[in-house]
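Numbering (our numbering), first residue to last: 71 to 141.
1. What does residue 108 pair with, by DSSP beta-bridge criteria?
2. CA-CA distance, residue 128 and residue 119?
3. Spatial neighbours of residue 101 within its chain, please: C-beta separation below 7 Å, excluding the five flanking residues on both sides.
4. Output the boundary residues of the alpha helix (DSSP H) element that contains residue 134.
5. Go through its chain and collect everything with a Cβ distance to residue 132's Cβ below 6 Å, but skip five positions before and after it.
6. To the nearest angstrom, how far is it from the Cα of residue 105 to the Cα of residue 91?
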């Protein structure tokens, strides 16, 4: 973002499984920015595709995708 922060748009809804904590941590580590500079937003299908259900370990591949996208 213009202010040096990172906006993280993912398709994983935070329902207590820790996505709002771990996904920004992955992005921050991969990009070399403080985690406080990563903005995590709940999904909005006008910005990200419908992910289907948030079940089991479905959020795990999103973390890997963030890492790959950041590199």
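Note that beta-carbon positions come from the ideal geometry of N, C-alpha and C, so glycine has one too. Computed from a prediction, not measured in an experiment: that's the story for all the values here.
Working from what's here:
1. Locating residue 108 in the chain shown gives position 38, where the first residue counts as 1. Within the DSSP bridge table, the entry for residue 108 names 76 as partners.
2. Residue 128 sits at position 58 when you count from the first residue of the chain shown. Residue 119 sits at position 49 when you count from the first residue of the chain shown. About 15 Å.
3. The sequence position of residue 101 within the chain shown is 31, counting from 1. Cβ neighbours of residue 101 beyond the five flanking positions: 76 and 140.
4. Taking the first residue of the chain shown as 1, we reach residue 134 at position 64. Note, residue 134: alpha helix (DSSP H), 130 to 140.
5. By one-based count along the chain shown, residue 132 stands at place 62. For residue 132, where only same-chain residues beyond five positions count, the Cβ hits under 6 Å are 80 and 82.
6. Locating residue 105 in the chain shown gives position 35, counting from the first residue. Locating residue 91 in the chain shown gives position 21, counting from the first residue. Distance between the alpha carbons of residue 105 and residue 91: 9 Å.
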